[in-house]
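Here's the structure, in structure tokens; my notes come after.
Residue numbers (the working numbering): 1 to 250.
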């Protein structure tokens, strides 16, 4: 269904015409210049920090934007329609979408099947994917409960190299912004995120001479120690003091 000002519906023929245009579910060919995909991780929740399994699970929106010239049209020819929606994820996908993912993930769950992408008459495409991701995170507990943990993971295209797909951080007001806390971010009850470090680079692998653009993320978070101080350490200190006092009196 077309979405434009005044809720006008897309004229018959526009959507079907775009779908039939040169197999839109296929990626852009190299002679067409490939595609640059801008990515931003919008973190909604650090949902689980599992010390026993050395894993961290987080829920986030992965925001994507790119340009596909095959999806352009002239609004004047189609009743002023400037935006359409197509299925971009799942077996029913109608247009090409990037296959970027977290390389290190032990589990990735797409929370909304058959996600819609927004397509604009300029050829611009945007989509936000709600995803639950679990990554391995070796933890150092020597300073428990005052420990600070770091988890690192890499995000990039799963099958396509940089000649075909250039995965890059989203640009906001001229600055790279690959990470933000979502407007509805829910703080973890036991851990506090101190900062998130990101780096955009070209990775090279032994299989192939081409570069693979990736974005690395490093989460640094600290345990809320006050719970352990008030609930464990202070009672232990008080009980020890009382025991010593009783021994001294006797």
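Just so it is clear, CB atoms sit at the ideal spot from N, CA and C, and this is done for glycine as well.
Sequence-distant residues of the same chain with beta carbon closer than 8 Å to residue i, five excluded per side
i	result
residue 123	67, 68, 69, 70, 71, 72
residue 184	44
residue 54	136, 137, 138, 139
Beta-carbon spacing of residue i, residue j below 7 Å
i	j	result
residue 191	residue 49	yes
residue 60	residue 38	no
residue 139	residue 196	no
residue 153	residue 193	no
residue 114	residue 92	yes
residue 63	residue 45	no
residue 157	residue 42	no
residue 104	residue 131	no
residue 155	residue 102	yes
residue 98	residue 165	yes
residue 200	residue 169	yes
Buried or exposed (CB count within 10 angstroms, at least 16 for buried), residue i
i	result
residue 179	buried
residue 208	exposed
residue 187	exposed
residue 133	buried
residue 171	exposed
residue 149	buried
residue 160	buried
residue 163	exposed
residue 30	Residue confidence for residue 30 is low, a pLDDT of 47 falling below 50, so the modelled location carries little weight; the figure read from the coordinates is stated next. By the 10 Å Cβ count, residue 30 comes out exposed.
residue 167	buried
Three-state class that DSSP yields for residue i in the structure shown
i	result
residue 213	strand
residue 22	Here residue 22 scores only 42 on pLDDT, less than 50, and its place in the model should not be relied on; the value that follows carries that caveat. Coil, per DSSP.
residue 100	strand
residue 71	helix
residue 14	helix
residue 173	coil
residue 164	coil
residue 31	Low per-residue confidence applies at residue 31: pLDDT is 46, beneath 50, and the placement is therefore not dependable enough to give any value.
Residue i CB to nearest heavy atom of the ligand ZN below 6 Å
i	result
residue 168	The ligand ZN is not part of the structure shown, which contains no ligands of any sort.
Delimiting residues of the beta strand (DSSP E) encompassing residue i
i	result
residue 63	55–67
residue 45	35–50
residue 179	179–186
residue 149	148–157
residue 203	191–203
residue 85	83–87
residue 111	Unbroken run through residue 111: none, as it is neither H nor E.
Neighbourhood of residue i by C-beta distance below 6 Å, restricted to the same chain and skipping five residues each side
i	result
residue 147	141, 223
residue 126	65, 118
residue 57	47, 48, 134
residue 109	132
Chain-order list of residues whose beta-carbon lies under 7 Å from that of residue i (same chain, five-residue window excluded)
i	result
residue 189	none
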